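Below: the structure, in structure tokens.
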RNA sequence: CGGGAUGUGGCGCAGUUUGGUAGCGCACUUGGUUUGGGACCAAGGGGCCGCAGGUUCAAAUCCUGUCAUCCCGACCA
């Protein structure tokens with residue numbers, strides 16, 4: 001099996017070096033490449049196609065919940081960024097500044113947006129005057145820049161693509177509802193479309209977004225047991241509205257401040273797909289967002305009728321799924337390995353032997369299970385198998401998360417578990433910042449979230465033994 | 001910002017110890033034979049060795065500086 005050996009060598013194995021496996025997969029599956037600027041990735045056609053599918057799916061969910069798309073400017077004047085104190089403190093250290101236009105020094109420098117709360121607020125101040133102008137439910141798809149010191153493809157990059165929703169509401173309750181609704185949209189999207197099980201919860205004050213009153217999050221567990229914050233939804237109250245002087249006349253003819261939310265999900269989610277479903281052969285794409293759902297590999301394609309039959313199947317299947325036919329002159333074996341690397345959920349092999357029997361071979365990427373299918377059943381079998389892969393990926397990811405999630409009740413157990421077992425830990429917390437800090441410093445874990453679905457896993461705070469307020473998910477995070 | 005590693009055709013590397021006309025594998029191009037798990041044969045093309053100084057008759061190799069990338073930590077999506 002010399003070829004098998006070669007295959008194994010082509011990417012680092014997950015167990016040997018997970019970080020290296022990750023970058024190998026990103027590069028070799030052609031999702032992305034490096035550019036001349038640190039942290040600025042070239043998202044290659046395969047990665048772009050994946051992002052487009054993610055984007056279309058999410059965009060549909062936003063539209064279905066009444067949101068409209070808008071496009072805001074790339075540059076933010078320094079004075080605007082500085083209007084909200086907590087916000088600027090959070091972001092100032094990592095903004096990129098434009099100081100010159102051509103060779104002229106600008107009177108006021110401009111930052112390249114790290115996020116767009118401030119420009120949205122500036123605009124809202126212009127257009128919101130009456131309760132009849134509310135709510136405003138806006139979203140934009142764009143890229144933003146945060147000058148990160150260390151970067152990793154998709155997980156942390158200097159420039160990244162995302163969507164940011166920014167909404168304004170008449171009442172606090174409406175804004176709270178929106179915050180929660182959009183987190184629900186993210187959670188459904190992650191679980192249904194990406195087959196990534198997530199935990200919905202609230203961030204502690206220490207972990208929340210700069211300038212927010214509350215941050216909700218969906219947290220996913222990666223293959224190595226580390227957590228990845230995969231989408232966030234923030235409640236701002238009227239803090240920004242006050243800072244930006246956004247006021248409207250209410251139903252009772254008094255001047256009021258609107259209540260605000262924002263929510264975002266970025267290309268980081270591609271990192272989540274890779275690290276949730278991938279294996280030693282490379283990517284495994286969830287069928288719902290896979291750029292190619294079925295790859296047809298003709299065998300002995302120079303032989304009479306093979307290409308014609310393959311093309312006929314492609315044509316037929318194109319009505320039911322995203323299908324491609326590879327007629328390049330690489331060997332079939334090369335193609336098998338290549339599309340496994342790229343995570344194509346289903347492979348269809350068709351060769352002279354199949355044509356004789358009026359069948360083809362379908363191979364699942366997740367289980368490698370191989371089935372022979374009569375050609376006249378393709379239109380029903382392929383969607384069924386795609387659905388089975390989608391479900392299989394979710395079930396497997398959920399089972400892994402559960403097997404790597406531990407419940408602990410006392411400090412010694414917490415330290416031992418955090419040190420010895422990769423994964424997440426459920427433990428009670430008193431709500432004190434000192435305990436949160438101690439857990440980080442001494443146990444090496446941070447709070448990932450306070451799940452909406454609370455369980456009572458102990459009586460007292462795992463750290464200080466005081467009265468416990470919340471069950472918290474702790475872990476190491478990306 | 002700390003710790004570690006690495007920069008040599010597109011990719012992966014050897015060559016650096018001991019200075020002396022840049023090599024290998026893969027990929028690429030052309031022709032032919034092949035095709036059910038990364039095919040084979042033959043003939044080709046491509047690199048001032050990250051960058052800038054210095055030492056020397058002579059630098060990929062020695063010295064100084066610098067830049068970049070990757071990995072591990074601290075901070076952020």
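Numbering (my numbering), first residue to last: 1 to 478. Positions of the beta carbon are idealized from the N, C-alpha and C atoms, including for glycine. Note that the coordinates shown come from a computational prediction; the quantities given were computed from them, not determined experimentally.
Practice problem: Look up residue 429 in the DSSP assignment and give the residues it is bridged to. | Solution: 470
Quiz prompt | Uninterrupted alpha helix (DSSP H) stretches inside the segment 53-130 (no shorter than 4 residues) | solution = 78-81, 85-91 and 117-127
Quiz item: Given a threshold of 16 other Cβ atoms within 10 Å of its Cβ, counted over all protein chains shown, does residue 566 qualify as buried or as exposed?
Solution: Residue numbering for the chain in the displayed model covers 1 to 478; residue 566 lies beyond these limits and cannot be assessed.
Quiz item: On the three-pair Cβ rule with 8 Å, is the segment 88-96 touching the segment 204-217?
Solution: yes
Quiz prompt | Contact between the segment 56-71 and the segment 137-147 (3+ Cβ pairs under 8 Å) | solution = yes
Exercise. Report yes if the C-beta distance between residue 14 and residue 280 is below 7 Å; otherwise report no.
Key: yes
Self-check item: Helix, strand or coil at residue 11 [DSSP, three-state]
Solution: coil
Practice problem: Pick out whichever of 123, 104, 103 and 160 has its Cα sitting closest to the Cα of residue 112. | Solution: 160
Exercise. Check whether the segment 401-421 touches the segment 380-391, counting contact only when three or more Cβ pairs, one atom from each stretch, lie closer than 8 Å.
Key: no
Practice problem: Using DSSP bridges, identify the partner residues of residue 139. | Solution: 69 and 165
Self-check item: Selection from 322, 320 and 326 that minimises the alpha carbon distance to residue 309
Solution: 326
Quiz item: Is there contact here, the segment 115-128 with the segment 238-245, by at least three beta-carbon pairs under 8 Å?
Solution: yes
Quiz prompt | Beta-carbon contacts of residue 251 that lie in its chain and below 7 Å, excluding the five residues immediately before and after | solution = 131
Quiz item: So what does DSSP say about residue 334, is it helix, strand or coil?
Solution: helix
Exercise. Would you kindly check if the distance between the Cβ of residue 225 and the Cβ of residue 422 is under 7 Å?
Key: yes
Quiz item: So what's residue 324 in DSSP terms, helix, strand or just coil?
Solution: strand
Quiz item: Going by the CB atoms, is the gap between residue 285 and residue 223 shorter than 7 Å?
Solution: no
Exercise. Please determine, among 201, 440, 294 and 204, the residue with the shortest C-alpha to C-alpha distance to residue 344.
Key: 294
Quiz item: Taking contact to mean at least 3 C-beta pairs separated by less than 8 Å, is the segment 413-429 in contact with the segment 166-181?
Solution: no
Exercise. Kindly list the residues whose CB is nearer than 7 Å to the CB of residue 352, restricted to its own chain and excluding five residues on each side of it in sequence; keep chain order.
Key: 300, 303 and 306
Quiz item: Thinking just about the alpha-carbon of each residue, which of 255, 268, 428 and 41 is nearest to the one in residue 219?
Solution: 268
Practice problem: With DSSP as the reference, label residue 151 as helix, strand or coil. | Solution: coil
Exercise. Quickly, what does DSSP pair residue 315 with across the bridge? List them, please.
Key: Answer is none; residue 315 lacks a bridge partner.
Self-check item: Exposed unless 16 or more other CB atoms sit within 10 angstroms - verdict on residue 425
Solution: buried
Quiz item: Of the residues 60, 317 and 396, which one's Cα is nearest the Cα of residue 366?
Solution: 396
Practice problem: Count the other C-beta atoms from every protein chain shown that fall within 10 angstroms of the C-beta of residue 260, then say buried if there are 16 or more, exposed otherwise. | Solution: buried
Quiz item: What is the residue span of the alpha helix (DSSP H) that residue 465 lies within?
Solution: It is not in any alpha helix (DSSP H) - residue 465 carries neither H nor E in the DSSP assignment.
Practice problem: Specify, as a first and last residue, the run of the alpha helix (DSSP H) that residue 239 falls within. | Solution: 239-243
Quiz item: Taking C-beta to C-beta, are residue 110 and residue 67 nearer than 7 Å?
Solution: no
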